[in-house]
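Asks:
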Amino acid sequence: MHGVLDMLPSPVTQSAQGVGGQQSGGDLTPNDKLLVSLEKQLSIETKVKNGAENMIQSISSGHHGRDKKLLAEAHQMLADSKAKIEFLRLRILKVRQNKLNNKVAEENGEGRPRELENSLEDRIDELRHRLRIEAAVVDGAKNVIRTLQSTKTIDKKALQEVGGG
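Residue numbering for the sequence shown follows full-length UniProt numbering, beginning at 1 and increasing consecutively.
(1) Compute the Euclidean distance between the alpha carbons of Ile56 and His75, then round it to the nearest angstrom.
(2) Can you name the start and end residues of the alpha helix (DSSP H) that Gly62 belongs to?
(3) Can you give me the start and stop residues for the alpha helix (DSSP H) that residue 170 sits inside?
(4) So, using beta-carbon positions, are Glu45 and Ile85 closer together than 8 Å?
(5) Determine the DSSP secondary structure at Ser119, reduced to helix, strand or coil.
(6) In this structure, how does DSSP classify Thr29 when only helix, strand and coil are distinguished?
(7) If you draw a straight line from the alpha carbon of Pro30 to that of Ile124, how long is it in whole angstroms?
(8) List the whole-angstrom C-beta distance separating Leu100 from Gln41, where the pair is believed to meet the contact cut-off of C-beta under 8 Å.
(9) DSSP state of Met77, grouped into three classes?
(10) Please report the distance separating the alpha-carbon of Leu78 from that of Lys69.
(11) State the DSSP-derived secondary structure class of Gly21, mapped to helix, strand or coil.
(12) Which residue wins for smallest C-alpha separation from Ile59, given the options Ala105, Thr151 and Thr147?
(13) Do Asp67 and His129 have their CB atoms nearer than 8 Å?
(14) Could you give the distance in angstroms between the alpha-carbon of Gln23 and the alpha-carbon of Leu38?
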């Protein structure tokens, strides 16, 4: 999960990738770069949502009383992820519409194309969302370690995988 989170694009350090992941020179417009970034974020967020759904299903199938907190956290992560996916889809639609408007304006000989910038508030929300996901991953790993350590026969291989070493 940490690897997936590390792949999240940063507005400052985005690479100039074309649509579909193809490398290109400087021929991408800012709207194209933003669209690629948003689509990548949507793909990652969809994986987070699927992971939360799988976690809920896994926890629900086990009948342990202490998993109620973990189940509640998984439900919260799922709700956050669904909200983020909806936000990203709307943002992608906005960027595509802006791109289309710019194309029409260019064909009509109008002025400079408009660029859509992420507002400071959007960036703060994005960072908060990433922080919540990261905290949930850490909490989940701690819970797995506790569960593995509390079993009568310790599965050393599984414990090493969770511990990262």
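Think of the CB as a built atom: it goes at the ideal place given N, C-alpha and C, for glycine as much as any other residue.
Replies: With the structure as the only source:
(1) So the alpha carbons of these two residues sit roughly 7 Å apart.
(2) Premise fails: Gly62 is in no alpha helix (DSSP H) and is neither H nor E.
(3) In this structure the chain extends from 1 to 165, so residue 170 is not present and cannot be described.
(4) Yes. Within cutoff.
(5) It is coil, neither helix nor strand.
(6) In the structure shown, Thr29 sits in coil (DSSP, three-state: anything other than H, G, I, E or B).
(7) Looking at the two C-alpha atoms, the distance is approximately 20 Å.
(8) Taking the Cβ atoms as the reference, Leu100 lies roughly 21 Å from Gln41, outside the contact range of under 8 Å.
(9) Three-state DSSP puts Met77 in a helix.
(10) Spanning the two alpha carbons is a distance of roughly 14 Å.
(11) Model confidence at Gly21 stands at a pLDDT of 46, short of 50, so the residue's coordinates are unreliable and nothing is read from them.
(12) The shortest C-alpha separation from Ile59 is found at Thr147.
(13) No, these two residues do not count as a Cβ contact at 8 Å.
(14) Note that Gln23 scores 45 on pLDDT, short of 50, meaning its location in the model is unreliable and no value can be drawn from it.
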